[in-house]
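**Q**
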Amino acid sequence: MALLNFMKPMNQLEEGGRTSAPVQRDAGEPEKKCPNCHKEIPLSRLWANDLVCACGYHFRMKARQRIQMIADKDSFRELFSGMQADNPLNFPGYREKIETVRAASGEKEAVVCGTAMIGKQRSCLFVMESYFMMGSMGSAVGEKITSLFEYAVQYRLPVVGFTVSGGARMQEGLLSLMQMAKTSAAVKRHSDAGLLYVAVLTDPTTGGVTASFAMEADIILAEPGATVGFAGARVIEQTTKKALPEGFQTAEFVLEHGFVDSIVPRSAQKKYLADILQMHDGRAV
1 MALLNFMKPM
11 NQLEEGGRTS
21 APVQRDAGEP
31 EKKCPNCHKE
41 IPLSRLWAND
51 LVCACGYHFR
61 MKARQRIQMI
71 ADKDSFRELF
81 SGMQADNPLN
91 FPGYREKIET
101 VRAASGEKEA
111 VVCGTAMIGK
121 QRSCLFVMES
131 YFMMGSMGSA
141 VGEKITSLFE
151 YAVQYRLPVV
161 GFTVSGGARM
171 QEGLLSLMQM
181 AKTSAAVKRH
191 SDAGLLYVAV
201 LTDPTTGGVT
211 ASFAMEADII
221 LAEPGATVGF
231 AGARVIEQTT
241 KKALPEGFQT
251 AEFVLEHGFV
261 DSIVPRSAQK
271 KYLADILQMH
281 DGRAV
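First residue of the sequence shown? That's 1 in UniProt numbering, and the numbers climb one at a time after it.
This is how it looks when you write it as structure tokens:
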């Protein structure tokens, strides 16, 4: 988070941020503490600024909130909403956990797929849901993303995807790992058709999702400060017996080492994506 510390406001003029909405805090209004600058932020101000603190820290965002932010008004049409996890391995307690996270997240699965206009550019769009078992990839998630790419090939559409995941879903064992190959094959068919795929990595994008469709896009973007990697830093250090560099697995570190094309703040993402889609007319780079 070293980069974010440099973005801390230096004076009262900067404190609200140039793009922050002028929202006044009411007495007793709920607040949320920023883990970067440690300030208490009124929820009204945080929501008005797309869940970004004035210091630059990007809070996690629910899938539907992000769709509302990125898609043109009333343009999103959901696809494959009936696909949802079962318990193929009869893993103890898995079915009950799924029901719990469905109620808590308001989603049937850890990804929402559909079509949308982004800056008047028609696209297929998928957004992973961090509040559904940290966006873990099980059979249903893999099937939904695969189906979306197949739909995009059929209708000659680009794909824009927002990733957030802790990796493959352990309760589905090998079936989860198989989704890496399945989604990768779908991305390849989409690419072979000459169509564009843009991925936006959000915090965190890790495990089997990173090792498959998240890093297979024609253009890979990331949010500031997002964790991007495969295995956890502690696991890597224990395996290699070496200390990792400072900021390892942050979006900024990954950008510096050539695995990400650009870091785009949330406030600029819609225009940035619209410009890319218009520039490439939905075709692969």
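Beta carbons are placed, not taken as given, at the ideal position from N, Cα and C, and that holds for glycine. All figures in this text were calculated on a predicted structure; none of them were measured in a lab.
Which stretch, first to last residue, makes up the alpha helix (DSSP H) that contains serine 44?
**A** 43–48 is the extent of the alpha helix (DSSP H) around serine 44.
**Q** Can you list, in chain order, the residues of its chain with a C-beta nearer than 7 Å to that of proline 22? Leave out the 5 residues immediately preceding and following it.
**A** Residue confidence is low: proline 22 scores 43 on pLDDT, short of 50, so the model does not pin down where it sits. Its coordinate-derived value is still stated next. If we look at proline 22 and ignore the five residues flanking it on each side, it has no Cβ neighbours.
**Q** For isoleucine 276, tell me which candidate among Arg234, Ile41, Pro224, Ala199 has the shortest Cα-Cα distance.
**A** When only C-alpha atoms are compared, the closest one is Ala199.
**Q** Tell me whether histidine 58 sits in a helix, a strand or coil according to DSSP, three-state version.
**A** In this structure, histidine 58 counts as strand in the three-state DSSP scheme.
**Q** By Cβ distance, which residues of its chain are closer than 6 Å to methionine 83, with the 5 residues on each side in sequence left out?
**A** Only Ala140, Glu143, Lys144 meet the Cβ criterion.
**Q** Between the alpha carbons of arginine 189 and aspartate 218, how many angstroms are there, rounded?
**A** Distance between the alpha carbons of arginine 189 and aspartate 218: 13 Å.
**Q** My guess is that valine 112 and valine 127 are in contact by the Cβ rule of under 8 Å, so how many angstroms apart are they, rounded?
**A** Contact flag correct, Cβ pair sits at about 5 Å.
**Q** Expressed to the nearest angstrom, what Euclidean distance is found between the alpha-carbon atoms of alanine 71 and leucine 195?
**A** So the two alpha carbons sit approximately 20 Å from each other.
**Q** Just how far apart, CA to CA, sit serine 123 and aspartate 74?
**A** Answer to the nearest angstrom: the Cα atoms are 14 Å apart.
**Q** Among Lys32, Glu172, Pro158, Ala63, whose alpha-carbon lies nearest the alpha-carbon of leucine 43?
**A** Per the Cα distances, Lys32.
**Q** Just confirm the distance between the C-beta atoms of isoleucine 263 and leucine 273, as a whole number of angstroms; I'd bet it's less than 8 Å.
**A** Between leucine 273 and isoleucine 263 the Cβ distance is about 14 Å, and since that is not below 8 Å, they are no contact.
**Q** Decide if serine 130 is buried, meaning its Cβ has at least 16 other Cβ atoms within 10 Å, or exposed.
**A** Result: buried.
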